[in-house]
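**Q** Input: one structure, supplied below.
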DNA sequence: TCGCCATTTACGGGAACCCGTAAGATAACG
DNA sequence: CGTTATCTTACGGGTTCCCGTAAATGGCGA
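Residue numbers (the working numbering), protein chains in the order written: chain A, 1 to 222; chain B, 223 to 444.
Now the structure itself:
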């Protein structure tokens with residue numbers, strides 16, 4: 001297939017200019033541009049209604065915040081909503097995010113078709129990715145597969161993230177059961193929380209919750 | 223003054239292309255390019271020795287890691303070294319980093335001349351910044367001054383960062399005095415460590431060290 | 001219904017942490 | 001030299017956390 005209607009969601013002027021050139025080099029039509037996620041979603045909706053849906057979405061993950069409040073805070077929200085509206089839309093993420101946990105989630109949870117880390121050779125990567133996606137193939141960042149296997153001493157469940165998130169917000173461990181209860185999260189017993197944290201620390205060879213929180217922040221898990 | 227010799231250190235192909243265009247629009251000469259910090263520093267050294275020193279360094283902060291080990295891990299290291307070699311070199315940082323703590327440090331500690339956050343309108347910002355710097359003025363990001371005043375409930379000292387860093391690495395509080403002692407950091411008493419942490423938590427309205435660690439990670443303080 | 005298994009919760013002792021108070025060290029100043 | 005002010009450390013009790021064990025709960029098949 002050849003892409004006819006392309007939507008680029010990217011607010012870095014500097015990246016936009018270059019993106020446009022790359023698409024030209026691939027002899028693709030000029031893309032439409034959105035500078036924040038809400039706008040992008042509107043454009044996708046309108047295009048669908050008018051019977052000229054986009055066939056490729058190229059989007060960044062993070063956007064500059066201005067005063068105005070937005071429905072969609074980031075690219076993840078955009079991808080989620082876009083996929084609900086139009087499941088067949090191809091999604092290519094283009095971001096300087098390089099944390100494996102974040103990238104992996106996009107593939108696993110949202111079935112994105114490609115991810116490109118902004119960096120050396122990103123323009124060339126972009127071309128390759130678009131070509132692959134046009135053939136209905138997924139495109140993975142260069143070093144994605146290699147790091148994919150390592151370091152998976154523990155895979156964090158939603159439950160894990162909830163607990164660790166609460167710790168990071170300043171909740172005392174002993175107060176977590178009450179929170180879990182009132183949010184219908186189970187198990188909620190203090191013992192269960194303790195055991196879970198203990199298990200994770202063990203699996204990761206961590207000694208303290210502070211270390212665990214730091215790790216999760218670093219990896220973009222929370 | 224008008225810049226004659228410009229060095230751009232940036233590995234995002236996508237940004238480089240756009241940077242070049244912007245400099246053209248300002249009718250400045252073509253810049254030299256480096257794709258990682260070590261290379262940039264070599265170029266600065268050579269240029270100095272050959273009597274045609276650079277007068278402007280435009281640099282990103284973060285670079286993609288490849289296999290090879292580098293002397294300078296990031297743009298901060300480059301700026302530090304460059305300023306030692308050539309104190310009069312103008313430095314303009316161009317990065318998607320938006321954490322105030324990181325930006326502030328660059329101005330305060332390294333006396334950078336400008337910082338531009340990659341984002342909406344960055345190309346225009348770039349022009350403004352270069353014009354300002356050419357007039358020997360500093361250039362600040364748009365929302366820098368506004369957020370500068372707020373949220374300074376506590377300014378983290380090197381001592382603070384050391385302690386919090388140790389916690390984030392999994393050190394037990396009770397083991398920190400020994401570490402401080404063996405690294406000639408003072409005060410090293412357990413009481414002092416406790417008091418300091420308590421003070422910080424208080425100033426920030428935090429309840430737990432986990433929260434403090436999360437905050438510092440988020441802000442790029444550690 | 002009963003019994004079995006896995007999961008969750010309750011409990012208790014020991015360690016670590018929090019915090020207020022007071023004693024000790026250090027430096028500045030008259 | 002003595003005094004004072006500040007910084008650092010020591011101590012103690014109350015709380016929270018850690019962790020092993022045991023009891024309770026909740027399917028699920030016989």
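Cβ atoms here follow ideal geometry from the backbone N, Cα and C, with glycine treated the same way. This one's a predicted model, so the numbers in the text were calculated from it and none came from an experiment.
1. Can you list, in chain order, the stretches of the beta strand (DSSP E) that have 3 or more residues and sit fully within the region 288-340 of chain B?
2. Relative to the ligand FMN, is the shortest distance from any of its heavy atoms to the C-beta of residue 197(A) smaller than 8 Å?
3. For residue 297(B), I'd like the list of residues in its chain whose CB is within less than 8 Å of its CB, leaving aside the five on either flank, ordered along the chain.
4. My parser needs the alpha helix (DSSP H) runs of 4 or more residues fully inside the region 238-271 of chain B; what are they?
5. Hey, out of 288(B), 262(B) and 410(B), whose CA is closest to residue 304(B)'s CA?
6. Is residue 377(B) helix, strand or coil by DSSP?
7. At the level of alpha carbons, what is the spacing between residue 422(B) and residue 413(B)?
8. Count the other C-beta atoms from every protein chain shown that fall within 10 angstroms of the C-beta of residue 150(A), then say buried if there are 16 or more, exposed otherwise.
9. Going along chain B, which residues have a C-beta under 9 Å from residue 167(A)?
10. For residue 211(A), count the other beta carbons within 10 Å of its own beta carbon; 16 or more makes it buried, fewer makes it exposed. Which is it?
11. If distances are taken between C-alpha atoms only, which option among 125(A), 131(A) and 155(A) comes closest to residue 141(A)?
12. Along chain B, in chain order, which residues have C-beta atoms closer than 8 Å to that of residue 218(A)?
13. At the level of alpha carbons, what is the spacing between residue 118(A) and residue 50(A)?
14. Output yes if chain A places a C-beta closer than 9 Å to the C-beta of residue 348(B); else output no.
15. Taking buried to mean at least 16 other C-beta atoms within 10 Å of its own C-beta, is residue 12(A) buried or exposed?
16. Let's test the definition: count the other Cβ atoms within 10 Å of the Cβ of residue 430(B) and tell me whether it reaches 16, buried, or not, exposed.
17. For residue 443(B), decide whether its Cβ has a neighbour in chain A, counting only Cβ atoms nearer than 9 Å.
18. Which value, in whole angstroms, describes the spacing of the CA atoms of residue 148(A) and residue 266(B)?
19. For the beta strand (DSSP E) holding residue 222(B), just list the boundary residues, first then last.
20. Would you mind working out which of 356(B), 403(B) and 407(B) sits nearest residue 312(B), comparing C-alpha positions?
21. So residue 214(A) and residue 435(B) are in contact, right, with Cβ under 8 Å, and what is the actual spacing, rounded?
22. Spatial neighbours of residue 114(A) within its chain, please: C-beta separation below 6 Å, excluding the five flanking residues on both sides.
23. Consider the Cβ of residue 121(A): report whether some Cβ of chain B lies at a distance smaller than 9 Å.
24. Would a check of beta-carbon distances place residue 66(A) closer than 9 Å to chain B?
25. Would you verify that the beta carbon of residue 13(A) is, or is not, closer than 9 Å to some beta carbon of chain B?
26. Could you please give me the residues that DSSP links to residue 57(A) through a beta bridge?
27. Would you call residue 22(A) buried or exposed, if buried means 16 or more other Cβ atoms sit within 10 Å of its Cβ?
28. With burial defined as no fewer than 16 other Cβ atoms inside 10 Å of the residue's Cβ, what is the status of residue 55(A): buried or exposed?
29. With the cut-off set at 9 Å, would you say residue 279(B) and residue 229(B) are in Cβ contact?
30. For the alpha helix (DSSP H) containing residue 213(A), name the first residue and the last one.
**A** Quick look at the numbers:
1. For secondary structure counted as the beta strand (DSSP E) over 3 or more consecutive residues, the region 288-340 of chain B holds these complete runs in sequence order: 312-317 and 336-339.
2. The ligand FMN is not among the ligands present in this structure, which contains no ligands whatsoever.
3. Contacts found: 231, 259, 281, 282, 283, 284, 285, 315 and 317.
4. Whole alpha helix (DSSP H) segments, 4+ residues: 259-271.
5. Just measuring C-alpha positions, the residue of 288(B), 262(B) and 410(B) sitting nearest residue 304(B) is 262(B).
6. Residue state for residue 377(B) is assigned as coil, using DSSP reduced to three classes.
7. Each residue's Cα considered, the two are about 14 Å apart.
8. At residue 150(A), the pLDDT of 47 sits below 50, so the modelled position is not reliable; the number obtained from the coordinates is stated separately. Answer is exposed; the Cβ neighbour count stays below 16.
9. Near residue 167(A) (Cβ distances below 9 Å), the residues of chain B are 430, 432, 433 and 436.
10. The residue is buried, with at least 16 neighbouring Cβ atoms inside 10 Å.
11. Sorting 125(A), 131(A) and 155(A) by C-alpha distance to the C-alpha of residue 141(A) places 125(A) at the top.
12. Within chain B, the residues near residue 218(A) are 439.
13. The straight-line gap from Cα to Cα measures roughly 33 Å.
14. At least one CB of chain A lies nearer than 9 Å to the CB of residue 348(B).
15. The residue in question, residue 12(A), is buried, as its Cβ has 16 or more Cβ neighbours within 10 Å.
16. It counts as buried.
17. At a cut-off of 9 Å between C-beta atoms, residue 443(B) does not count as an interface residue with respect to chain A.
18. For residue 148(A), the pLDDT reaches just 46, beneath the cut-off of 50, and the residue's location in the model is therefore unreliable, leaving the point undetermined.
19. Outside the shown range of chain B, which is 223 to 444, sits residue 222(B), and nothing can be said about it.
20. From the listed residues 356(B), 403(B) and 407(B), the smallest Cα separation to residue 312(B) is found for 356(B).
21. With a contact defined as Cβ atoms closer than 8 Å, residue 214(A) and residue 435(B) qualify at about 5 Å.
22. Non-local C-beta neighbours of residue 114(A) in its own chain, meaning closer than 6 Å and more than five positions away in sequence, comprise 92, 129, 133 and 139, ordered along the chain.
23. Contact with chain B is found for residue 121(A), since one of that chain's Cβ atoms lies less than 9 Å from the residue's Cβ.
24. Interface residue, yes.
25. Answer yes: the Cβ-Cβ gap between residue 13(A) and chain B drops below 9 Å somewhere.
26. The bridge partners DSSP lists for residue 57(A) are 7(A) and 91(A).
27. By the neighbour-count rule (16 or more Cβ atoms within 10 Å), residue 22(A) is buried.
28. Buried.
29. Contact: yes.
30. Note, residue 213(A): alpha helix (DSSP H), 209-219.
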